[in-house]
Amino acid sequence: MTSTDLEEIGTDPATLGELYRRMRLIRRFEERAAVLYRDSHIPGFLHLSIGQEATAVGACWPLDDRDVITSTHRGHGHCIAKGLDVTEMFAELMGRETGTNRGRGGSMHIADPRKGIFGANGIVAAGLPIAAGAATAAQLRATRGVVVAFFGDGAVGQGMFHEAVNLAAVWDLPVIFLCENNHYAEFSPEADQHRASLADRARGYGLGYAHVDGNDVLEVTRTVSRLVRDLRAGAGPVLLEAETYRWHGHYEGDPERYRDAAEVDTAKAGDPLLVLARRLEPAQVATIDRDIDEQIEKAVATASAAPEPEPETLYHYVTSPREHVAEPPEPTGEIFRTMDAVHEALDGELGRDPDVFVAGIDVGAGGNVFGLTRGLAAKYPGRVRDTPISESAVIGTAVGAAMAGLRPVVEVMYLDFIGVCLDQIMNQAAKMRFMSGGAASLPLVIRTQFGAGRSSGSQHSQSLEALLAHIPGLTVVMPSTPADTYGLLRSAIRDPNPVVFIENRLLYGRKGPRPAPDALVPLGKAAIRRQGTDVTLVSYSKMVHNCLTAAEQLADEGISVEVIDLRTIAPLDYETVLGSLARTNRLVIAHEAVTPFGVGAELAAAAVREGFWTLDAPVIRVGAAPTPAPYAPSLERAWLPDVERIAAAVRESASA
0 MTSTDLEEIG
10 TDPATLGELY
20 RRMRLIRRFE
30 ERAAVLYRDS
40 HIPGFLHLSI
50 GQEATAVGAC
60 WPLDDRDVIT
70 STHRGHGHCI
80 AKGLDVTEMF
90 AELMGRETGT
100 NRGRGGSMHI
110 ADPRKGIFGA
120 NGIVAAGLPI
130 AAGAATAAQL
140 RATRGVVVAF
150 FGDGAVGQGM
160 FHEAVNLAAV
170 WDLPVIFLCE
180 NNHYAEFSPE
190 ADQHRASLAD
200 RARGYGLGYA
210 HVDGNDVLEV
220 TRTVSRLVRD
230 LRAGAGPVLL
240 EAETYRWHGH
250 YEGDPERYRD
260 AAEVDTAKAG
270 DPLLVLARRL
280 EPAQVATIDR
290 DIDEQIEKAV
300 ATASAAPEPE
310 PETLYHYVTS
320 PREHVAEPPE
330 PTGEIFRTMD
340 AVHEALDGEL
350 GRDPDVFVAG
360 IDVGAGGNVF
370 GLTRGLAAKY
380 PGRVRDTPIS
390 ESAVIGTAVG
400 AAMAGLRPVV
410 EVMYLDFIGV
420 CLDQIMNQAA
430 KMRFMSGGAA
440 SLPLVIRTQF
450 GAGRSSGSQH
460 SQSLEALLAH
470 IPGLTVVMPS
480 TPADTYGLLR
490 SAIRDPNPVV
500 FIENRLLYGR
510 KGPRPAPDAL
520 VPLGKAAIRR
530 QGTDVTLVSY
540 SKMVHNCLTA
550 AEQLADEGIS
560 VEVIDLRTIA
570 PLDYETVLGS
580 LARTNRLVIA
590 HEAVTPFGVG
600 AELAAAAVRE
610 GFWTLDAPVI
620 RVGAAPTPAP
630 YAPSLERAWL
640 PDVERIAAAV
650 RESASA
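Residue numbers for the sequence shown follow numbering that gives the first Met the number 0, beginning at 0 and rising by one.
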């Protein structure tokens with residue numbers, strides 16, 4: 000876009016009319032939504048953007064199909080400005096099957112990744128790391144695409160704001176962080192929330208900065224058009240502050256005791272629609288207003304007549320269907336280590352699929368803290384990336400990149416650290432496909448590791464798989480052998496769903512036969528490691544080897560133990576476990592995680608319901624004590640299950 004084109008934005012009558020039409024469409028949508036909410040036709044939360052139309056329209060004006068926006072809980076205007084259909088949007092707000100997201104998202108989560116709309120978001124600032132991921136995809140694919148990440152002034156207080164803008168600056172991403180500064184963070188005035196200006200913050204992050212009157216759609220359009228032009232030409236990320244004002248409260252029904260009516264009336268005098276209407280012929284304005292009113296009323300009528308989702312569709316869109324993978328033959332290759340398996344699986348998938356990239360703290364030049372990715376950054380330039388120590392930005396980048404069509408493999412250095420970035424795992428990666436009604440695909444892998452027994456203490460020893468398995472939409476994998484590590488990791492990278500791949504660091508040096516280079520291991524399928532007739536013993540990850548040792552010892556005592564390696568924690572392979580229980584009539588579950596509320600509890604519940612009539616003894620769980628992981632070796636030994644405790648549980652079951 001040339002400077003001449005930018006000037007014509009303010010002089011071409013057709014352009015002025017179209018800008019007004021788009022703002023008017025947003026205004027009438029929001030006004031009509033307010034009435035529908037008042038009359039109980041919209042069941043959920045509603046946050047309106049009346050008064051902020053100019054920022055949405057002006058920012059989206061220069062964008063095209065290759066470009067992406069991320070939005071906020073106040074996102075209707077952004078979605079409309081990027082081209083979302085208002086009839087489908089009304090249906091979504093009403094919870095109808097014909098809605099944008101098939102009634103699964105509602106107002107705060109409305110999205111259509113197919114149009115480059117990566118979602119309104121009910122979590123403040125959560126869209127910013129996702130925007131960095133979409134921008135990473137544009138950068139890696141060299142599409143010259145641009146991302147506009149909308150956020151409010153209140154989001155500046157969130158850690159995700161810091162992590163996202165810092166990562167964007169470090170990676171030089173093509174993204175505009177657009178702050179719609181309406182001077183209120185929910186009920187709190189801006190002055191009570193921050194002490195540094197956005198201009199100062201931009202300088203601190205090494206970002207460009209621009210300021211614009213957010214009520215003047217022409218100024219916003221010219222400014223964003225210039226920034227988009229520069230970004231397409233290779234400029235770095237920029238922070239754009241658009242000063243505006245929301246006329247309604249934080250949410251519909253907000254009593255608004257935090258501001259007086261005079262302040263709102265003063266703001267309304269700068270109505271962005273009136274500012275632009277003064278540049279148009281009154282007859283043109285009247286015609287546009289009439290056409291928009293008719294469009295909105297028709298949209299409401301059509302949406303109101305649409306059906307609600309059928310109850311039997313409740314489970315739709317939680318996960319993407321995964322292709323069938325056959326169990327590979329037993330590996331017979333030369334002996335290699337689990338750490339070699341991780342490296343070779345990543346190397347193989349990076350080489351096979353150009354959409355795969357790897358990112359994480361020190362995974363590039365440093366080759367990972369355990370050396371697992373050593374040499375990959377040089378072999379795949381730009382596709383094995385070091386990140387700042389910013390777990391939320393790392394996971395959010397994976398979410399955005401996956402929504403844009405890439406297959407990111409990102410690393411969280413320790414499983415314990417998922418608490419730092421749990422929102423991006425729990426509320427974004429796991430839910431995005433469901434909330435978008437199946438429109439979003441999230442083919443991403445989060446690699447992490449754990450392992451107690453070496454005095455790593457309470458913040459580096461936790462086995463938190465049950466926490467992750469409790470989140471619908473996530474697949475959780477925990478391999479025990481080098482061959483399975485290789486095959487499961489390659490399957491996870493190819494899978495269309497978000498997978499958390501948890502490695503035990505104490506297994507990195509464990510050796511076993513190498514599988515064939517094309518070996519894949521099916522996700523969600525357990526393996527019987529040892530056949531037996533008296534007791535079923537179930538475990539996963541490193542604890543499987545303790546169970547096998549215990550089974551060997553018990554065989555000398557005349558107790559035949561069948562050992563099952565779950566391999567995948569979510570989804571659980573109930574069929575294999577219950578099938579074994581039907582043969583042995585006794586069940587023991589051992590895991591490194593604390594005993595209460597763990598995987599053992601879930602399997603015990605399944606056993607006493609689906610397997611009740613085959614049980615000849617109570618189900619027994621063996622796990623860590625319900626305390627934080629201790630540091631002192633003597634306490635850690637008492638805390639962590641060992642071979643003898645597992646064997647004792649099996650003896651108890653066999654004698655019951």
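The C-beta atom is built at its ideal place from N, Cα and C for all residues, glycine as well.
No experiment lies behind these values; they were computed from the predicted model shown.
DSSP three-state assignment for residue i, whether helix, strand or coil
i	result
Cys420	coil
Asn426	helix
Val169	helix
Lys378	helix
Ser196	coil
Val368	coil
Ile588	strand
Pro512	strand
Asp361	coil
Ser2	Legend: pLDDT at Ser2 = 47, less than 50; position of this residue unreliable, no value from coordinates given.
Phe28	helix
Ile619	strand
Glu343	helix
Asn100	coil
Asp111	strand
Glu522	Looking at the sequence provided, one finds Leu at residue 522 rather than Glu. The answer is coil: DSSP assigns Leu522 none of H, G, I, E or B.
Leu239	strand
Ser538	strand
Neighbourhood of residue i by C-beta, 7 Å cutoff - its chain only, sequence neighbours within 5 removed
i	result
Ser2	With a pLDDT of 47 at Ser2, under the threshold of 50, the modelled position of that residue is not reliable, and the figure given next carries that caveat. Within the same chain, Ser2 has no close Cβ partners at all.
Glu348	Val355, Arg489, Ile492
Leu371	Met338, Val341, His342
Tyr204	Val164, Asn165, Ala168
Thr99	Leu83, Glu87, Met88, Glu91, Ile109, Asp111
Buried versus exposed, by CB contacts within 10 Å (16 or more), residue i
i	result
Arg504	buried
His323	exposed
Asp290	exposed
Glu293	exposed
Ala195	exposed
Gly734	This structure cannot speak to residue 734, because the chain is shown only from 0 to 655.
Pro675	Outside the displayed span of the chain (0 to 655) sits residue 675, for which this structure offers no information.
Ala378	Before going on, a small fix: residue 378 reads as Lys here, not Ala. Classification of Lys378: exposed, given that the 10 Å Cβ count is below 16.
Glu52	buried
Ala131	buried
Pro236	buried
Val34	exposed
Trp612	exposed
Tyr314	exposed
Gln448	buried
Gly118	buried
6 Å CB neighbourhood of residue i in its chain, flanking five on each side removed
i	result
Gly658	Because residue 658 is not part of the residues shown, which for the chain are 0 to 655, the question remains open.
Ala392	Pro128, Glu162, Ala163, Leu166
Gly610	Leu577, Leu580
Thr556	The sequence as given places Glu at residue 556; Thr does not occur at that position. Contacts found: none.
Trp638	Ala623, Ala624, Pro629
Opening and closing residue of the alpha helix (DSSP H) in which residue i lies
i	result
Thr286	281–303
Ser454	Run containing Ser454: none; DSSP gives neither H nor E here.
Thr86	85–92
Pro632	632–638
Arg143	No alpha helix (DSSP H) contains Arg143, which DSSP labels as neither H nor E.
Asn496	No alpha helix (DSSP H) contains Asn496, which DSSP labels as neither H nor E.
Asp229	216–231
Sequence-distant residues of its chain with Cβ nearer than 8 Å to residue i (five each side left out)
i	result
Val642	Asn545, Thr548, Ala549, Gln552
Run of the beta strand (DSSP E) containing residue i, from where it starts to where it stops
i	result
Asn180	174–180
Asp212	207–212
Gly151	146–151
Arg529	526–529
Ala444	First, the amino acid is wrong: residue 444 is Val here, not Ala. Start and end: 444–449.
Ile79	Taken as a continuous stretch (DSSP letters only), Ile79 belongs to no beta strand (DSSP E), being part of the alpha helix (DSSP H) at 75–80.
Glu601	Taken as a continuous stretch (DSSP letters only), Glu601 belongs to no beta strand (DSSP E), being part of the alpha helix (DSSP H) at 598–608.
Original post:
Counting Cβ pairs closer than 8 Å, one from the stretch 392–402 and one from the stretch 434–451, do we hit at least three?
Top reply: yes
Original post:
Given 8 Å as the limit, is there contact between the stretch 508–526 and the stretch 409–422, that is, 3 or more CB pairs closer than that?
Top reply: no
Original post:
Does the stretch 206–217 come close enough to the stretch 143–160 to have 3 or more Cβ pairs within less than 8 Å?
Top reply: no
Original post:
Does the stretch 62–79 come close enough to the stretch 137–146 to have 3 or more Cβ pairs within less than 8 Å?
Top reply: yes
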